[in-house]
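Please read the structure below before turning to the comments.
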Amino acid sequence: MQSLEKRLKNELQQNNKIKIMYSNTWSLPIHSIEVEYRPVKRTKMDILMKMMLMAFQKAEIAKAEQLSEILLVEQLFVEDLIDIMGRTGLITKNYGLFSLTNKGNHQLENGIFEEEQEVETQVVLYSTTHENFLNGNIKTAMDGEGELAIYRYVKEGYLDVELSFDKEQIIEALQAKDVEGEEGDIQVVISEIQSTTELYVDDIPCFEFVLHNKEEDVFYARVWNTLLERWDEKLENALNDKERLTWREKYLSK
28 MQSLEKRLKN
38 ELQQNNKIKI
48 MYSNTWSLPI
58 HSIEVEYRPV
68 KRTKMDILMK
78 MMLMAFQKAE
88 IAKAEQLSEI
98 LLVEQLFVED
108 LIDIMGRTGL
118 ITKNYGLFSL
128 TNKGNHQLEN
138 GIFEEEQEVE
148 TQVVLYSTTH
158 ENFLNGNIKT
168 AMDGEGELAI
178 YRYVKEGYLD
188 VELSFDKEQI
198 IEALQAKDVE
208 GEEGDIQVVI
218 SEIQSTTELY
228 VDDIPCFEFV
238 LHNKEEDVFY
248 ARVWNTLLER
258 WDEKLENALN
268 DKERLTWREK
278 YLSK
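Those letters in the sequence shown? Residues 28 to 281, per our numbering, in order.
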C-alpha cells in the first residue's frame, strides 16, 4: 500500500502549484452479488425457416410430410426445424394444425431467430455508497488493509442493509463483464435475470488526498479507488460537498 500511495502522491504533486494538505486511507465496503441470468442467441433467420413459418401462417398444415411436399424439401429437415420451432415457442398445434405463436409472428416479421440458452451465473460488485454496480476484480489483500477504518460516509448499517437496485443496473453490470457478444451473424444478449443472491462484503482500500491549488487558492479532494484502479469522481464529489468549507480554516490557519 505504501508504494501505491507514494506513486499517487508523486503524480498529484507534478504540478508545483499543488500541495497535498492531508492524506488518508480507508476502506469502502463492496457487496458481491451472484446473478443467475438466461442469455439468448440471435441469428439471421434462414430461408427454409422463413418459408415454413409463412406456410404455417397462411396454410392449413397438419404434418411435416405435407410441408415437405409443398416446399420440395427433405422431410427430415422439415421435422428437425418443426422440433426446434416448437421447442423455442415459435409454433403450436391447435386442433391438429400448426400455427404461429405471437413470438413466432414477431420473429418472422423481424427475420431474426432467437434461441434461449442455458442459465449462466456471474458475480457482480455493488457499492451502497455509489448506489450502483462497479466494474472491477476483488484483489488479494494489501499489507495493512485489515487495519483500515471504514469510509466515514458509508450508509449506516451497510452490512445488513437491504440492497436496492433495478434490472437495468444488473444488466449494465453484466454487460460490463462482456457476457454479451457478437460474432458474424450470431449475437448473444441477456434475455432475463433469473435471480440475485448476496454472497459477502469485501473492504476495498481507497486513498484520499485533500489538495490546495496555491495559484487559484482552491481546495479539492482526490480519491483513488483500488477496485476501479482510477480516481473516483463519485467519492471525490461527496467529500467536496461535505467538507470543502472546513478545509481552509483547518489547513491554512495552522
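Every residue gets a Cβ at the ideal spot worked out from N, C-alpha and C, and that includes glycine.
Name the residue from the options whose alpha carbon lies nearest to the alpha carbon of residue i.
i: Lys80; options: Glu174, Gly113 and Tyr227; result: The displayed chain sequence assigns Leu, not Lys, to residue 80. Of the candidates Glu174, Gly113 and Tyr227, the one whose C-alpha sits nearest the C-alpha of Leu80 is Gly113.
i: Glu158; options: Tyr278, Gln149 and Val188; result: Val188
i: Thr223; options: Glu256, Tyr153 and Trp274; result: Tyr153
i: Val146; options: Ile177, Pro66, Lys44 and Tyr278; result: Pro66
i: Ile361; options: Ser30, Gln29, Ser50 and Tyr64; result: Because residue 361 is not part of the residues shown, which for the chain are 28 to 281, the question remains open.
i: Val181; options: Asp73, Glu210, Glu143 and Cys233; result: Cys233
i: Glu195; options: Asn43, Val62 and Gln29; result: Val62
i: Glu276; options: Lys71, Gln41 and Phe246; result: Phe246
i: Leu254; options: Met28, Ile57 and Val105; result: Ile57
i: Gln84; options: Ile118, Ile198 and Glu101; result: Ile118
i: Ile198; options: Gly184, Asp230, Leu161 and Ile88; result: Leu161
i: Gly288; options: Tyr122, Gly123 and Leu108; result: The shown model of the chain, from 28 to 281, leaves out residue 288, and the question about it has no answer.
i: Trp274; options: Asp244, Glu260, Asn252 and Asp193; result: Asp244
i: Val228; options: Arg271, Ile177, Phe192 and Lys261; result: Ile177
i: Glu174; options: His133, Ala203 and Asp230; result: Asp230
i: Gly131; options: Ala200, Met72 and Ser280; result: Met72
i: Lys68; options: Ala200, Leu279, Glu143 and Leu186; result: Glu143
i: Ala203; options: Ala168, Gly163 and Glu96; result: Gly163
Let's see if you can read the secondary structure: which residues bound the beta strand (DSSP E) around residue i?
i: Glu143; result: Ile139 to Glu143
i: Val62; result: Ile45 to Lys71
DSSP puts residue i in a beta bridge; with which residues?
i: Gly208; result: Val215
i: Thr119; result: Ser126
i: Ile88; result: Ile88 pairs with nothing; no bridge assigned.
How about residue i: is its C-beta nearer than 8 Å to some C-beta of chain C?
i: Gly173; result: In the displayed structure, chain C is absent; only one protein chain is listed.
What are the boundary residues of the alpha helix (DSSP H) that residue i is part of?
i: Leu124; result: Looking at the DSSP string, Leu124 is not in any alpha helix (DSSP H); the run it does join, the beta strand (DSSP E), is Leu124 to Leu127.
i: Lys77; result: Ile74 to Lys85
i: Asn42; result: Where Asn42 is concerned, there is no enclosing alpha helix (DSSP H), given that its DSSP letter is neither H nor E.
i: Gly113; result: Gln102 to Arg114
i: Leu94; result: Ala91 to Leu98
i: Leu186; result: Here Leu186 belongs to no alpha helix (DSSP H), and DSSP marks it neither H nor E.
i: Ala203; result: Lys194 to Ala203
Since residue i contacts residue j with CB under 8 Å, what's their CB separation in whole angstroms?
i: Val150; j: Ser59; result: 5 Å
i: Met76; j: Phe125; result: Actually they do not touch by this definition, with Cβ atoms about 13 Å apart.
i: Lys46; j: Lys241; result: 6 Å
i: Phe236; j: Arg249; result: 5 Å
i: Leu94; j: Ala82; result: 6 Å
i: Thr70; j: Asp212; result: 6 Å
i: Asp259; j: Asn267; result: Not a contact, Cβ separation roughly 12 Å.
i: Leu39; j: Leu238; result: 6 Å
i: Ile217; j: Glu210; result: No, Ile217 and Glu210 are not in contact; Cβ-Cβ is about 16 Å, not under 8 Å.
### Query
Which runs of the beta strand (DSSP E) fall wholly inside the segment 215-264 and span at least 3 residues, in chain order?
245-252
### Task
Note down, one range per segment and in chain order, each beta strand (DSSP E) of at least 3 residues found wholly within the segment 146-174.
147-154 and 159-161
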